[in-house]
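Residue numbers (my numbering), protein chains in the order written: chain A, 1 to 113; chain B, 1 to 117. Virtual Cβ for every residue (Gly too), placed ideally from N, Cα, C. Since this is a predicted model, take the numbers as computed values, not measurements. These notes are about the structure you will find just below.
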């Protein structure tokens with residue numbers, strides 16, 4: 001079966017702009033989580049969506065937001081981009097989130113200049 | 001609150017030698033523990049997981065890990081390293097009462113495994 005698909009793979013944006021990243025989970029998976037990966041901070045949990053509702057949230061400012069559609073596809077949005085937002089953003093899907101295996105996408109590499 | 005400490009940001013071993021990657025965790029409740037591998041420009045792939053069943057967990061690609069509650073450790077081992085094992089390895093913990101899947105995993109900083117020919 002198809003894996004987790006993240007688009008785009010690479011993105012370059014300017015400070016102050018906003019960006020939207022997309023994640024299509026594995027068919028049948030209803031939970032989608034987002035992580036930010038940077039060399040300095042490592043992997044940090046952003047938020048998790050299940051059945052179109054945000055169920056869990058990490059410690060990130062309100063500039064980071066997300067949503068999930070009825071087909072379980074998810075988007076995350078970052079507004080007023082800062083240089084420090086440059087990172088690899090990873091999406092993970094699982095059947096229900098709780099106690100089910102997470103499958104990660106290849107990520108979107110965001111560079112803010 | 002949970003945390004994970006991976007000792008050694010870089011580990012170098014010779015091809016055919018034992019691989020040992022160290023992971024210690026802190027959790028206020030019995031945790032679920034995971035090891036993931038990441039190849040360059042790729043996402044994370046689950047190697048193995050501990051979910052309160054057998055303390056010795058076998059994973060893919062010949063890796064295994066042992067949960068030791070008294071030492072709060074979950075070290076990853078492989079008897080004989082292959083060149084293809086060169087990658088970044090992440091240990092992660094979750095609270096089974098609030099997650100355990102993809103929601104709210106806490107990751108270590110990662111260990112870069114280098115295989116010498």
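Please list, in chain order, the residues of the stretch 60-89 of chain B that have any C-beta partner in chain A closer than 8 Å. So nothing in the stretch comes that close.
Cα separation between residue 96 of chain A and residue 71 of chain B? C-alpha separation (whole angstroms): 31 Å.
Nearest neighbour of residue 10 of chain A, chosen from A:74, A:60 and A:89 [CA to CA]: Across the set A:74, A:60 and A:89, the C-alpha of A:89 shows the shortest separation from the C-alpha of residue 10 of chain A.
The beta strand (DSSP E) that contains residue 93 of chain B, what's its start and end? Element bounds for residue 93 of chain B: 87-94.
Can you find a C-beta in chain B that's less than 8 Å from the C-beta of residue 106 of chain A? Answer yes: the Cβ-Cβ gap between residue 106 of chain A and chain B drops below 8 Å somewhere.
Look up residue 7 of chain B in the DSSP assignment and say whether it is helix, strand or coil. Strand, per DSSP.
Would you check if the stretch 50-62 of chain A and the stretch 16-26 of chain A touch, i.e. whether three or more CB-CB distances between them fall below 8 Å? No, they do not touch.
Chain A residues whose Cβ lies nearer than 7 Å to that of residue 110 of chain B: Neighbours of residue 110 of chain B on chain A, chain order: 42.
Quick check on DSSP: helix, strand or coil for residue 106 of chain A? Looking at residue 106 of chain A - three-state DSSP - the assignment turns out to be coil, as it is neither helix nor strand.
Could one say the Cβ of residue 46 of chain B lies closer than 8 Å to chain A's Cβ atoms, at least one of them? Output row for residue 46 of chain B: interface = yes.
Please determine if the stretch 32-40 of chain B and the stretch 76-95 of chain B are in contact, where contact requires at least 3 C-beta pairs separated by less than 8 Å. Below 8 Å, enough C-beta pairs join the stretch 32-40 of chain B and the stretch 76-95 of chain B to call them touching: three or more.
Quick one: Cα of residue 102 of chain B to Cα of residue 34 of chain A, how far? Low local confidence applies: a pLDDT of 47 at residue 102 of chain B is under 50, so the model's placement there is unreliable, and no value is given.
Locate the beta strand (DSSP E) running through residue 114 of chain B, then write down its first and last residues. Element bounds for residue 114 of chain B: 111-116.
So, with DSSP's three-state summary, where would you put residue 73 of chain B? Per DSSP, reduced to three states, the secondary structure at residue 73 of chain B is strand.
At what residues does the beta strand (DSSP E) containing residue 66 of chain B begin and finish? Taken as a continuous stretch (DSSP letters only), the beta strand (DSSP E) holding residue 66 of chain B covers 64-68.
So that I know if they touch, is there some Cβ in chain A lying closer than 8 Å to that of residue 16 of chain B? Not one chain A Cβ lies under 8 Å of residue 16 of chain B.
Taking CB distances under 8 Å as the criterion, tell me whether residue 101 of chain A reaches chain B. Contacts with chain B at 8 Å (Cβ-Cβ) include residue 101 of chain A.
Cα-Cα, which of B:7, B:1, B:18 and B:49 is closest to residue 77 of chain B? Closest in alpha carbon position to residue 77 of chain B, among B:7, B:1, B:18 and B:49, is B:18.
Could you check the C-alpha separation between residue 64 of chain B and residue 85 of chain B for me, to the nearest Å? So the two alpha carbons sit approximately 13 Å from each other.
Could you check whether residue 8 of chain B and residue 111 of chain B sit closer than 8 Å to each other, using their CB atoms as the reference points? Taking 8 Å as the Cβ cut-off, residue 111 of chain B and residue 8 of chain B qualify as a contacting pair.
Own chain, CB closer than 7 Å to residue 45 of chain B, minus 5 neighbours either side, in chain order: Cβ contact annotation for residue 45 of chain B (same chain, cutoff 7 Å, sequence separation greater than five): 36 and 37, in chain order.
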